[in-house]
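Trainee: Numbering (my numbering), first residue to last: 3 to 406. Beta carbons: idealized from backbone N, C-alpha and C, even for Gly. Just so you know, these numbers come straight off a predicted model, no measurement behind them.
#1: Suppose you measure from the CA of residue 323 to the CA of residue 334; what does that come to, to the nearest Å?
#2: Using CA atoms only, rank isn't needed, just tell me which of 83, 114 and 64 is closest to residue 350.
#3: Report yes if the CB atom of residue 8 is closer than 8 Å to the CB atom of residue 177, and no otherwise.
#4: Confirm, please, whether the CB-CB distance from residue 129 to residue 136 is below 8 Å.
#5: Let me make sure I understand the geometry here. Which of 372, 396 and 196 has the alpha-carbon closest to that of residue 346?
#6: Could you please give me the residues that DSSP links to residue 282 through a beta bridge?
#7: Less than 8 Å between the beta carbons of residue 166 and residue 140, yes or no?
#8: Under the assumption that residue 44 contacts residue 106 (Cβ atoms under 8 Å), give the Cβ distance between them as a whole number of angstroms.
#9: Output yes or no for whether 8 Å exceeds the beta carbon distance between residue 171 and residue 151.
#10: Given that a residue counts as buried once 16 or more other Cβ atoms are within 10 Å of its Cβ, and exposed if not, what is residue 161?
#11: If residue 234 and residue 201 are in contact, beta carbons under 8 Å, what's the gap, nearest whole angstrom?
#12: Can you give me the C-alpha to C-alpha distance between residue 123 and residue 148, rounded to a whole angstrom?
#13: From the DSSP output, in three-state form, read off residue 118 for me.
#14: Could you tell me the boundaries of the alpha helix (DSSP H) in which residue 204 lies?
#15: Inspect the beta-carbon positions of residue 283 and residue 248 and report whether they are closer than 8 Å.
#16: For residue 342, which residues from the same chain have a beta carbon less than 6 Å from its beta carbon, with the 5 sequence-adjacent residues on both sides left out?
#17: Below 6 Å CB to CB, which residues in the same chain sit around residue 254 once its five sequence neighbours on both sides are set aside?
#18: Taking DSSP as the reference, what is the three-state secondary structure of residue 403?
#19: If you run the structure through DSSP and keep just helix, strand and coil, what is residue 336?
#20: Put residue 1 into one of helix, strand or coil per three-state DSSP.
#21: Let me know the secondary structure DSSP gives residue 210 once reduced to three states.
#22: Comparing C-alpha positions only, which one of 301, 261 and 312 sits nearest to residue 275?
#23: Would you say residue 256 and residue 281 are within 8 Å of each other, going by their C-beta atoms?
#24: So, for residue 50: in the same chain, excluding its five sequence neighbours on each side, which residues have a beta-carbon less than 8 Å away from its beta-carbon?
#25: So, does the region 230-246 touch the region 195-215, judging by three or more C-beta pairs under 8 Å?
#26: Using only CA atoms, which one of 187, 261 and 199 lies nearest to residue 216?
#27: Output the distance between the C-alpha atoms of residue 3 and residue 54, rounded to the nearest integer angstrom.
#28: State buried or exposed for residue 392, treating a residue as buried only when at least 16 other CB atoms are found within 10 Å of its CB.
#29: Classify residue 231 as helix, strand or coil using the three-state DSSP reduction.
#30: Among all the DSSP beta bridges, which residues are the ones paired with residue 94?
#31: So residue 111 packs on residue 302, CB below 8 Å; how close in whole Å?
#32: Just mark residue 307 as buried or exposed, buried being the case when its beta carbon has 16 or more other beta carbons within 10 Å.
#33: Across which residues does DSSP place residue 59 in a beta bridge pair?
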């Protein structure tokens, strides 16, 4: 039996006049043509959020006033004949692990409840400079630790295609917002699948960019050697267009690549022609085997057949150490998370809990704050990571995992 849903059952049934059903590229074309305004597009998505997000719970904070102000500014500039970015006026949602000046940023955790950052992440600066109205901040597993968006301090997010199912995680809010037509574009972050896995279960497109391709400045870090921000969209072209906005070198991020990833939009537009002649697609040999749900493998093979039919060359590649990847991930992530989350101590920002009795010392405030502010999953991973980084095990565990 199909479950309750907030998204339409299929494209054939979508109302032709509903702006929320258009891709970001189509919205951008309509905005440039003057057939619709950014205020109209933004208001349509805010109305959609008001209509369905009570059931989906994709958003933790909706910034309607700020989004409409940005949209009005873009419309005024367009009317004045200013040269604008191709995506100017197309609204976007942002995962709540990305710092946004003047808007609440919680990372899905009680320990950051009520925190209003005084600065923007680099990628948010770039979104604002390009003129994309920010609809709000999306729900997530606490500090991006989870794969179901059931570990948020602010309640679960539901899959818009079946409200009785999960939207994946940790970035289930961004994927659900796009899948429910609450936003045409969203920003996610991906450490070990937190963009890609939610996209897979919500029928959206999610991309983890090449490490260093998008600045990490202003991302609340989980595992610094693995974290990357990236696009969540409904089409490949939209993902390429959004990547072009947020990507590129940032001197404030020491791991930022010196040059932006080029040719993504051109490649996406070429894919729309149906001609993939000259494209080589690698299929990882080590991914063969058991563990797939019924039908998943068949759909994968069907996708390969479609690409072959379009002229692509499908080749098998081998990643000899692939079998060690998950074990390495489960050492690297907790170790780096335990270090990155040490700054949440109740002293500088966010939640502060003082002990109910006895002296109020820094150590006891820190213990009380972290005990009350962190959820069980976060505490579990901090404990694992602290153990992996301990003097007797650093080289054997974390050091060895980094070599895989």
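Mentor: With the structure as the only source:
#1: Their backbone Cα atoms lie some 16 Å apart in a straight line.
#2: Cα-wise, what sits closest to residue 350 is 114.
#3: Contact annotation: residue 8 and residue 177 have beta-carbon atoms that are not nearer than 8 Å.
#4: Taking C-beta atoms as the reference points, residue 136 and residue 129 count as a pair closer than 8 Å.
#5: When 372, 396 and 196 are compared, the shortest CA-CA separation from residue 346 is found for 372.
#6: DSSP output for residue 282 lists 315 as bridge partner(s).
#7: Inclusion of residue 166 and residue 140 in the CB contact set at 8 Å is not warranted, their separation being larger than that value.
#8: At roughly 20 Å, the Cβ-Cβ gap does not stay under 8 Å, so residue 44 and residue 106 are not in contact.
#9: A contact, by the Cβ cut-off of 8 Å.
#10: Classification for residue 161: buried.
#11: Sure, about 6 Å apart at Cβ, within 8 Å.
#12: Near 23 Å, if we compare the C-alpha coordinates of residue 148 and residue 123.
#13: Three-state DSSP puts residue 118 in coil, outside helix and strand.
#14: It spans 198-204 - the alpha helix (DSSP H) in which residue 204 sits, taken as one unbroken run.
#15: No, the pair does not count as a contact, with Cβ atoms beyond the cut-off.
#16: Closer than 6 Å at the Cβ level, and outside the excluded window around residue 342, lie 223.
#17: Cβ within range, chain order: 219.
#18: It is helical.
#19: Looking at residue 336 - three-state DSSP - the assignment turns out to be helix.
#20: Residue 1 falls outside the range modelled here, since the chain spans only 3 to 406, and no answer is possible.
#21: Looking at residue 210 - three-state DSSP - the assignment turns out to be coil, as it is neither helix nor strand.
#22: Residue 275 has its Cα closest to that of 312, out of 301, 261 and 312.
#23: Contact annotation: residue 256 and residue 281 have beta-carbon atoms that are not nearer than 8 Å.
#24: Excluding sequence neighbours, residue 50 sits near 22, 182, 183 and 184.
#25: Because the criterion of three Cβ pairs below 8 Å is met, the region 230-246 and the region 195-215 touch.
#26: Of the candidates 187, 261 and 199, the one whose C-alpha sits nearest the C-alpha of residue 216 is 261.
#27: With a pLDDT of only 34 at residue 3, under the threshold of 50, the placement of this residue in the model should not be trusted; the figure read from the coordinates follows. Going by the C-alpha atoms only, they are around 21 Å apart.
#28: With fewer than 16 other Cβ atoms within 10 Å, it is exposed.
#29: Residue 231 carries a strand assignment under DSSP once its states are collapsed to helix, strand and coil.
#30: As a beta-bridge residue in DSSP terms, residue 94 pairs with 136.
#31: Approximately 35 Å separates the beta-carbon atoms of residue 111 and residue 302; this is outside 8 Å, ruling out the contact.
#32: Residue 307 should be labelled exposed.
#33: According to DSSP, which records beta bridges pairwise, residue 59 is partnered with nothing at all.
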